[in-house]
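Trainee: Quick mapping for you: the protein sequence lines, in order, are chains A and B. In this text, residue positions in the first sequence follow our numbering: the first is 1, and each later residue adds one. In this text, residue positions in the second sequence follow our numbering: the first is 575, and each later residue adds one. Just passing along the structure, written as structure tokens.
There are 2 protein chains.
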Amino acid sequence: MAALFFGQMRFDPKNPSHEDNDRFVLSKGHAAPVLYAAWAEAGVIDSAQLASLRRIDSDLEGHPTPRLPFVDVATGSLGQGICAAIGIALNARRIKSLYRTYALLGDGESAEGSVWEAAQTATRFGLDNLCAIIDVNGLGQSQVTQYGHDMAAYEHRWRAFGWNAIVVDGHDLAALLDAFEEAAQTTGRPSMVLARTLKGKGISFVEGRDGWHGKPLKGDDLERAVRELEGQIGPEATNPAIPAPPSREVHKTLPEVGPVQLPDYEMGRMVATREAYGAVLAALGTADPRVVVLDADVKNSTFSDAFEQLHPDRFYQTYIAEQVMVGAALGLASRGAIPFPSTFACFLTRAADFIRMGGIGNANVKLAGSHAGVSIGEDGPSQMALEDLGMMRAVPGCVVLYPCDGVSAAKLVIAAATHNGMTYMRTSRPKTPVIYAASEEFTIGGSKVLRESAADIATVVGAGVTVFEALAAHDDLREEGVNVRVIDAYSVQPIDESTLVRSALATGGHLITVEDHYAPGGLGDAVSDAVAPYGITVERLAVREVPRSGPSAELLDRFGISSRQIATAVRDRN
Amino acid sequence: MAALFFGQMRFDPKNPSHEDNDRFVLSKGHAAPVLYAAWAEAGVIDSAQLASLRRIDSDLEGHPTPRLPFVDVATGSLGQGICAAIGIALNARRIKSLYRTYALLGDGESAEGSVWEAAQTATRFGLDNLCAIIDVNGLGQSQVTQYGHDMAAYEHRWRAFGWNAIVVDGHDLAALLDAFEEAAQTTGRPSMVLARTLKGKGISFVEGRDGWHGKPLKGDDLERAVRELEGQIGPEATNPAIPAPPSREVHKTLPEVGPVQLPDYEMGRMVATREAYGAVLAALGTADPRVVVLDADVKNSTFSDAFEQLHPDRFYQTYIAEQVMVGAALGLASRGAIPFPSTFACFLTRAADFIRMGGIGNANVKLAGSHAGVSIGEDGPSQMALEDLGMMRAVPGCVVLYPCDGVSAAKLVIAAATHNGMTYMRTSRPKTPVIYAASEEFTIGGSKVLRESAADIATVVGAGVTVFEALAAHDDLREEGVNVRVIDAYSVQPIDESTLVRSALATGGHLITVEDHYAPGGLGDAVSDAVAPYGITVERLAVREVPRSGPSAELLDRFGISSRQIATAVRDRN
């Protein structure tokens, strides 16, 4: 940390978020105290503030969060910071800045698969503006790490993955500075400084010993440790001046954002929401240079390939590695890009922990998941997202959108792009008819009442493919002389509480929800949570067992969410 | 597939689940048709049945599921089968069988970080009874893979990770058989057969060309392809006899399961539920030799180290690699072990996709997550599980348990171990007083009414740490002359519907839930879904914003789930 902050990095301590500052990500977030100490030494925070560590009124939390101006992404779940650092390094290219990105990892941390996703991805992109460091102290939380101090084990693996691996004594400042300089001079590939260290170096009764992980020194131990360390400090030197961030000539104003050319879908046309997603994403990329897209080798299914065709330089292919796809998006977002990572919605669960961590900083990432629910059909349960609404709703403040047709999908992509914070859009595989006019407006927190009459005896709330099941049930019931209200709850979070309450109170004080999703955490739970204070109950039609392969329509019926089951639920209330 | 099934593997085709059969995992699950064809050729399924592929009435689904007797684990989310194969290979050691485990991966698939978690773990355990194969056809779903046909790129990486890597022409049967034999003779480390192939080999207009992924041949194309392939088939040979599974002398009856010696916790003693979890796990291991434990370097926090001390041979350390920890557990469970993988509950989200896939087969895995909720205190949001109940409830049929004290935790570990199917136990960091007598019974689907009187005007439902907040609120309110019922909903899924309904109807037709968890998918949603049909509404006290570091009690209050807020909610109803 001393070598990096006061011998290598270029930054403006008065402005930790300067867009050309060299960036530092503490991937081993549990070492937060040394991060805070470094920034205090650099003058960004007051040294006296350090004593507020982990207090409820302090932003110096147990692990770093973006509440602090010098923290780009929350860390503390291991193997994530290195993925974010890739996004930060890619961003330097996007804005044509010469800043370098540094990331410090633990050795235990490098057991995470996401670290190897990062390893292959940084090589693939030739990120020579990225330098990572592994603190090889040989001790994990509970025991000696996998490879202990076997530096060759690390070196072989990183070299095989294409990195410039440099082994150094992590307590030798000159060797570290040489390594950082070698990294800065290396072109075409990222560098990894493998620093052999001893935990607790310089404290005789702690150095290199197991059992001290996360334990503060207290009382006599503390006094003795401080005494021993003070005995090793040379005469006080003035810190060398920190070099200013690299300058650049490009114009540094906010990018110009033009109008987005939306696709022109006439009413009744059959369009899958995933197709509309791709089409508008491509147009959005033309209008706004901050928009970037990430894919995990399914661009021809999510239709994000439409963006790639127009904007190949802002399209990042991470191959089948969803963790680094989302992690890089978190890094890109932290530096001003507007990233849209997309894959099958079920495979976003692969990055659930990254999404969770992104949520801690309300990262400005626009997630999209296609192939939602049993409506995908024959590919079977492994490809069906049935828990994604719950996963995304469990991110506080995350906007969750679930359009049913091409027009609403297109407009909601724009709503997501212009919202400040994390959003998720769920798209569907089957083509569905366009039911909204091009002039229709869609807002975060809104809904559409699609069928309404004074004679309605029940309200059915759908979203996505179930909107069409609800409309069909409406038509079937009307032939029996039964009128039901139908709502398209395209904004699942926040949900349109007032419309739901008004409709429920007008139709018997009860709501029927229907969703192509398991019951926990989905549309029904969202609606129920919102309307419970008004004494309104919610009957949830949802998938309640593991589905199987089969034709889409047969699956909707077999798993309880077809127009037939909606009509039955209405009749049972009647 | 031909070389493996009819030239290498030893198995009893009449009994695909024979415990000594060599095992095969199709990690690239999208190639399901070749798996079904191989088993048809082996005589396990009728060839005529193959035409039922992907139909709703057929078990030959789009991707393999354990509905089929020859499928151990569901695949179709890439990078998981290889992790399960590690568990299957470890199981051979556990039951002292000589069976070998094979896993077939795609080349695109090897971009998944979980593959590299598997790579390091198999080496660490020296699994020379494991042989994986990568089908290097160079084409992903949407484009050429990362390394195309650069066989050296694969070879370097696998060698660096300690595997015996063998590069072969994947269309050369003799070379494949030699490679499998070399793998079988290699000791001390796993083998990886890197098979260079061409997609669509032998069909002139498909071979090696992009754009055919997942596309069936139709009409003239189909006829031409069949004609071309038939022209390449030599004279029909009789399949060689498949070698019988390796025999062994060990006694093959069900293991003897003895009584479990539960820890003796007197009422009022302060015990964290995670401590009770560890203590009873160790005792369970003594009673039942099928019980195994997996850890991701937090055994001293989850207390699973108590098991390691008594049963080191059945304790598997995967280091900080949660995906392979859960994946290996799925494999172990598929072959008769009862695995308990545990880590911090928040880090189970790292394996969310593995849990999802395990749920497709209702795997007999006993997950446990410690450090739930804001009650962990100063470590901050990155270490707090606030979505785990929702994630686990979204696995159909998964039992979700959340004990509040040492006695209930101990008894529920036994309930989980003896239940057939996936279970999840949520444990807490803080010590809490023992409130149940050692004689108390706890059942899956049960609950405990802790406070009850005829004068109750409201019912508060808690679980885990919030049970104590509810009890404190009860005491505070009683001083004001207000009586409330208090329920400990220790079984979150299935939930005790009848007790909840009875209590709600006796106390105003309404329930107040309180949970150390975000609102979506948690206790409140579980309760609401269960009682909605009875016209009962649920007010949910839950964490609704990203928390922060601080003392446990201050966090409970600040984020809305303390005794003070419960009392306020009761008064507001009154």
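Ideal Cβ positions, reconstructed from N, Cα and C, are used throughout, including at glycine.
1) Please confirm if Trp-690 (chain B) has its CB atom under 8 Å from at least one CB of chain A.
2) So which residues of chain B does Ile-320 (chain A) contact, with C-beta pairs closer than 8 Å?
3) Which residues in chain A sit within 9 Å of Glu-1128 (chain B), going by Cβ to Cβ distance?
4) Indicate whether Leu-1085 (chain B) and Ile-1110 (chain B) have their beta-carbon atoms separated by less than 8 Å.
5) Measure from the C-beta of Gln-323 (chain A) to each C-beta in chain B and report whether the shortest distance is under 8 Å.
6) Using a Cβ-Cβ cut-off of less than 8 Å, list which residues of the segment 150-173 of chain A approach chain B; keep chain order.
7) Excluding the 5 residues flanking Gln-582 (chain B) on each side, which residues of the same chain have their C-beta closer than 6 Å to its C-beta?
8) Strictly by DSSP, which residues pair up with Ala-417 (chain A)?
9) Using C-beta distances below 7 Å, list every residue in its chain close to Ala-1143 (chain B), excluding the 5 sequence neighbours before and after it, in chain order.
10) What are the residues that DSSP puts in a beta bridge with Val-226 (chain A)?
11) Between Ile-86 (chain A) and chain B, is there a C-beta pair that is closer than 8 Å?
12) When the distance is taken between beta carbons, is Glu-1119 (chain B) closer than 8 Å to Gly-62 (chain A)?
13) What are the boundary residues of the alpha helix (DSSP H) that includes Lys-299 (chain A)?
14) Among A:Asn-137, A:Pro-190 and A:Leu-105, whose alpha-carbon lies nearest the alpha-carbon of Asp-578 (chain A)?
15) Hey, quick one: how far does the beta strand (DSSP E) through Arg-23 (chain A) stretch, first residue to last?
16) How close, in whole Å, do the beta carbons of Gly-369 (chain A) and Arg-426 (chain A) come, if the pair is a contact with beta carbons under 8 Å?
17) Along chain B, in chain order, which residues have C-beta atoms closer than 8 Å to that of Asp-288 (chain A)?
18) Ordered along the chain, which non-local residues of its own chain (more than five positions away) have a Cβ less than 6 Å from that of Met-966 (chain B)?
19) List the residues of chain B that Met-357 (chain A) touches, going by C-beta distances under 8 Å, in chain order.
20) Have a look at A:Gly-481, A:Gly-446, A:Val-501 and A:Phe-468 and flag the residue whose alpha-carbon is nearest the alpha-carbon of Ala-495 (chain A).
21) Quick check on the burial criterion: 16 or more other C-beta atoms within 10 angstroms. Buried or exposed for Arg-783 (chain B)?
22) Between which two residues does the beta strand (DSSP E) harbouring Val-365 (chain A) extend?
23) Compare the C-beta of Thr-1033 (chain B) with all C-beta atoms of chain A and state if any pair is closer than 8 Å.
24) Does Glu-308 (chain A) pass the burial test, meaning 16 or more other C-beta atoms within 10 Å, or should it be called exposed?
25) Taking buried to mean at least 16 other C-beta atoms within 10 Å of its own C-beta, is Leu-60 (chain A) buried or exposed?
26) Three-state secondary structure (DSSP) at Ile-912 (chain B)?
27) Relative to the alpha-carbon of Glu-729 (chain B), which residue among A:Tyr-154, A:Phe-161 and A:Val-514 has its alpha-carbon at the smallest distance?
28) Give the residues of chain A in contact with Asp-879 (chain B), contact being defined as C-beta atoms less than 8 Å apart.
29) Where Val-434 (chain A) and Glu-1089 (chain B) are concerned, what is the direct C-alpha to C-alpha distance, given to the nearest angstrom?
30) Quick check on DSSP: helix, strand or coil for Gln-317 (chain A)?
31) Please list the residues of the segment 578-597 of chain B that have a C-beta atom closer than 8 Å to any C-beta atom in chain A, keeping them in chain order.
32) Start and end of the alpha helix (DSSP H) containing His-474 (chain A)?
33) Which residue marks the beginning of the beta strand (DSSP E) containing Val-136 (chain A), and which one marks its end?
34) Kindly list, in the order they appear in chain A, the residues whose Cβ is closer than 8 Å to that of Arg-1003 (chain B).
35) Where do the N-terminal and C-terminal ends of the alpha helix (DSSP H) with Gln-185 (chain A) fall, by residue?
36) Can you pull out the residues from the segment 116-130 of chain A whose beta carbon lies closer than 9 Å to at least one beta carbon of chain B?
Mentor: On the basis of the data shown:
1) Interface criterion met: the Cβ of Trp-690 (chain B) is under 8 Å from a Cβ in chain A.
2) Residues of chain B with a Cβ closer than 8 Å to the Cβ of Ile-320 (chain A) are, in chain order, Leu-652, Gly-653, Gly-682, Glu-683, Ala-685, Glu-686 and Gly-714.
3) Chain A residues near Glu-1128 (chain B): Ile-56.
4) Going by beta carbons, Leu-1085 (chain B) and Ile-1110 (chain B) fall inside the 8 Å limit.
5) Taking 8 Å as the threshold, the shortest C-beta distance from Gln-323 (chain A) to chain B falls below it.
6) Of all residues in the segment 150-173 of chain A, only His-156, Arg-157, Arg-159, Ala-160 and Phe-161 place a beta-carbon less than 8 Å from a beta-carbon of chain B.
7) Hits under 6 Å: Phe-754.
8) Checking the DSSP bridge columns, you'll see Ala-417 (chain A) has no partner listed.
9) Answer for Ala-1143 (chain B): Ile-1086, Glu-1113 and Leu-1115, listed in chain order.
10) Bridge partners of Val-226 (chain A): none, in fact.
11) Ile-86 (chain A) does not count as touching chain B.
12) Against a cut-off of 8 Å, the Cβ pair of Glu-1119 (chain B) and Gly-62 (chain A) comes out as no contact.
13) Lys-299 (chain A) -> alpha helix (DSSP H) spans 299-302.
14) A question about residue 578 (chain A) goes unanswered here, because the residues of chain A that appear run from 1 up to 574.
15) It spans 23-26 - the beta strand (DSSP E) in which Arg-23 (chain A) sits, taken as one unbroken run.
16) 6 Å between Cβ atoms; contact.
17) Neighbours of Asp-288 (chain A) on chain B: none; closest Cβ ~24 Å, over 8 Å.
18) The beta carbon of Met-966 (chain B) lies closer than 6 Å to those of Cys-972, Val-974 and Tyr-998 in the same chain, with the five residues before and after it left out.
19) By Cβ distance, chain B contributes Ser-956.
20) A small fix is needed here, since residue 495 (chain A) is Ile in this sequence, not Ala. Nearest C-alpha to Ile-495 (chain A): A:Gly-446.
21) Burial is judged here by how many other beta carbons sit within 10 angstroms of a residue's own beta carbon; Arg-783 (chain B) has fewer than 16 and is exposed.
22) Segment: none, Val-365 (chain A) is in no beta strand (DSSP E) and carries neither H nor E.
23) No - not a single Cβ of chain A is within 8 Å of the one on Thr-1033 (chain B).
24) Buried is the label assigned to Glu-308 (chain A), since at least 16 other Cβ atoms lie within 10 Å of its Cβ.
25) Flag for Leu-60 (chain A) reads buried.
26) The three-state secondary structure of Ile-912 (chain B), taken from DSSP, is strand.
27) Taking only the C-alpha atoms, the option nearest Glu-729 (chain B) is A:Phe-161.
28) Within chain A, the residues near Asp-879 (chain B) are Ser-142.
29) Approximately 42 Å, taken between the alpha carbons.
30) DSSP, read as helix, strand or coil, puts Gln-317 (chain A) in strand.
31) Residues: none.
32) For His-474 (chain A), the enclosing alpha helix (DSSP H) covers residues 466-479.
33) 130-136 is the span of the beta strand (DSSP E), which, as asked, contains Val-136 (chain A).
34) Close to Arg-1003 (chain B), with beta-carbon spacing below 8 Å, lies no residue of chain A; the smallest spacing is near 13 Å.
35) Element bounds for Gln-185 (chain A): 173-185.
36) Listed by position along the chain: Trp-116, Glu-117, Ala-118, Ala-119, Gln-120, Thr-121 and Arg-124.
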